[in-house]
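Per our numbering, residue 21 is the first one in the sequence shown, and the count goes up by one each step. One structure below.
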Amino acid sequence: MGLQRIADELQSGMILDQDIYTKDKVLLLAKGSVIYEEQIRIIKRLGYSSVSIRQKEPDAGEFSYWHHIDENKFNEFEHSYSESKKELNDIMKSISSGGQVDLEQVYSIPEMLLQQVGTPYNLFAFLNNVRQLDDYTYSHSVNVSVLCGVLCKWLKLDEATCKEIITAGLLHDLGKCHIPPEILNKPEKLTAEEWEEVKKHPVYGYRLLETAKAPHNIKIGALMHHEREDGSGYPTGLKGDQIPLIAKIIAIADVYDAMTSRRPHREKICPFQVIDQFQHDFFNLLDTKLLMTFLNRVADCYVGEVVRLSDGRTGQVVVINPAYPARPMIRNRDGIINLVNEHGVEIVDILPVGANS
21 MGLQRIADEL
31 QSGMILDQDI
41 YTKDKVLLLA
51 KGSVIYEEQI
61 RIIKRLGYSS
71 VSIRQKEPDA
81 GEFSYWHHID
91 ENKFNEFEHS
101 YSESKKELND
111 IMKSISSGGQ
121 VDLEQVYSIP
131 EMLLQQVGTP
141 YNLFAFLNNV
151 RQLDDYTYSH
161 SVNVSVLCGV
171 LCKWLKLDEA
181 TCKEIITAGL
191 LHDLGKCHIP
201 PEILNKPEKL
211 TAEEWEEVKK
221 HPVYGYRLLE
231 TAKAPHNIKI
241 GALMHHERED
251 GSGYPTGLKG
261 DQIPLIAKII
271 AIADVYDAMT
281 SRRPHREKIC
291 PFQVIDQFQH
301 DFFNLLDTKL
311 LMTFLNRVAD
321 CYVGEVVRLS
331 DGRTGQVVVI
341 NPAYPARPMI
351 RNRDGIINLV
361 NEHGVEIVDI
371 LPVGANS
């Protein structure tokens with residue numbers, strides 16, 4: 021049990037025994053975080069008159085995994101996730117065979133999953149663990165739809181717009197049912213001809229949704245989710261404001277999930293490496309304002325997670341640096357690792373539940 025300390029008595033090196041939230045109810049510092057002068061000033065500015073401080077450092081053998089997953093909730097989510105993929109498979113088969121799209125049925129899939137996870141950080145933890153058990157076939161579409169839902173919430177979009185974007189996210193890759201499976205599932209790098217065939221899937225999806233009498237924006241989400249801000253995308257090479265919001269949001273969710281999942285073409289990439297790669301490689305490709313909102317909030321979701329560094333060390337993410345969200349502060353048994361000052365060292369993996377550093 022923590023010791024309650026008034027804000028003026030806080031000292032550098034103390035360990036929080038409670039979560040600290042912003043006035044907008046956004047998690048800023050997780051229970052177990054080590055606080056320093058900057059964090060103490062933030063706590064005071066947020067109006068906390070007192071906070072709970074851990075009375076002593078945990079024993080070396082009991083390094084805490086803050087982001088505990090409720091096993092029952094995760095099992096329920098895992099079951100629903102599996103059923104969602106089966107249902108999506110049936111929907112895609114129906115549409116590809118000329119059937120009409122039932123929007124309420126489609127939306128019910130991600131809606132149920134989003135309700136089950138409750139919070140964004142639960143979603144990322146659940147997805148990170150379910151990935152250990154799952155293939156890529158239909159999981160990507162399910163993941164993109166729920167990631168769209170989280171980003172829509174962070175952007176504070178109205179309910180109708182959120183619902184439309186989430187639905188489009190689930191159907192964005194519908195056109196891939198017309199791509200030969202030997203290409204989609206090829207473990208080696210695609211040839212130029214195979215890549216050109218893959219690039220046709222947005223048009224295939226648009227045509228299928230048009231036949232299925234889907235609403236205009238749902239079709240646009242499927243058609244334009246590979247367009248890029250600088251005009252380098254496909255299929256039409258649109259730029260900037262020419263790209264609708266629905267396609268911009270799906271694009272961010274699509275790229276994030278593709279990079280953090282294990283795919284036939286490559287191994288998965290750690291979310292922090294994705295954040296770093298986004299910052300360096302995608303600022304001219306994806307909408308900067310939407311992207312920065314997404315990256316900063318995603319990084320916040322991993323506070324408390326146990327991670328592995330490129331030099332083999334492991335530790336717990338305790339503080340996100342807003343200027344460099346891919347390089348947070350890490351706590352392990354030896355103290356604090358500030359990755360901003362650790363040149364050449366990066367986070368390479370988020371360890372599954374139960375990992376011991």
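Even for Gly, the Cβ is constructed at its ideal location relative to N, Cα and C. Keep in mind the model is a prediction, meaning the values are calculated, not measured.
Considering only the alpha carbon of each residue, which of the options lies closest to residue i?
i	options	result
L195	S116, K51, K176 and F144	Looking at the sequence itself, residue 195 is Gly, so the reference to Leu does not match. Considering only alpha carbons, the answer is S116.
E107	Y127, G332, F94 and I266	Y127
L171	F144, I269, K259 and T187	I269
H198	K206, V223 and T187	V223
H44	F298, L305, P200 and K173	The residue asked about is misnamed: residue 44 is Asp in this sequence, not His. Comparing Cα positions, the closest option is K173.
R333	I367, E202 and L315	I367
E58	S114, D37, Q31 and K220	Q31
K309	E249, P130, S165 and E216	E249
P342	I356, I350, R317 and H363	R317
C182	V218, L134, W215 and E208	L134
A180	P235, Y344, T211 and T42	P235
To the nearest whole angstrom, what separates the beta carbons of residue i and residue j, a pair I think is in contact under 8 Å?
i	j	result
H245	H160	Not really, about 12 Å apart at Cβ, beyond 8 Å.
I238	E184	7 Å
I111	Q125	7 Å
F144	C290	Not confirmed; about 12 Å, so no contact.
Within the same chain, show all residues whose beta-carbon is closer than 6 Å to that of residue i, passing over the 5 residues directly before and after it, in chain order.
i	result
A80	Note that A80 scores a pLDDT of 32, beneath 50, so its modelled location is shaky; the value from the coordinates is reported in the next line. Around A80: R353.
V365	L329, S330 and D331
M279	I289 and V294
L258	E247
Got a sec? Which residues, its chain only, sit under 7 Å from residue i by beta carbon, not counting five neighbours each side?
i	result
W86	Bear in mind that a pLDDT of 39 at W86, under 50, signals an unreliable position, so the model cannot answer this.
E29	none
I240	P264, I266 and A267
M132	S100
I272	L171, L306, L310, L311 and F314
Determine the extent of the alpha helix (DSSP H) in which residue i is found, giving its start and end residues.
i	result
V365	Where V365 is concerned, there is no enclosing alpha helix (DSSP H), given that its DSSP letter is neither H nor E.
N95	E91 to S116
R317	T308 to C321
A242	H236 to M244
E213	A212 to V218
D277	L265 to T280
K209	No alpha helix (DSSP H) holds K209; DSSP gives it neither H nor E.
L30	Note, L30: premise wrong, no alpha helix (DSSP H); not H, not E.
G119	Per DSSP, G119 belongs to no alpha helix (DSSP H) and is neither H nor E.
D296	P291 to D301
P222	H221 to T231
T139	Unbroken run through T139: none, as it is neither H nor E.
Where DSSP assigns a beta bridge to residue i, which residues make up the other side?
i	result
V326	Q336
V150	According to DSSP, which records beta bridges pairwise, V150 is partnered with nothing at all.
D250	K259
G355	N352
V71	R25
Y41	L47
I370	V327
I'd like the list of long-range same chain contacts for residue i, defined as Cβ closer than 8 Å, with 5 residues on each side in sequence excluded.
i	result
A27	I60, I63, K64, Y68, S69, S70 and V71
H300	none
K76	Residue placement at K76 cannot be trusted, given a pLDDT of 49 that sits under 50; the coordinates are not used to answer.
K233	Q120 and V121
Kindly indicate the opening and closing residues of the beta strand (DSSP E) around residue i.
i	result
L48	L47 to L49
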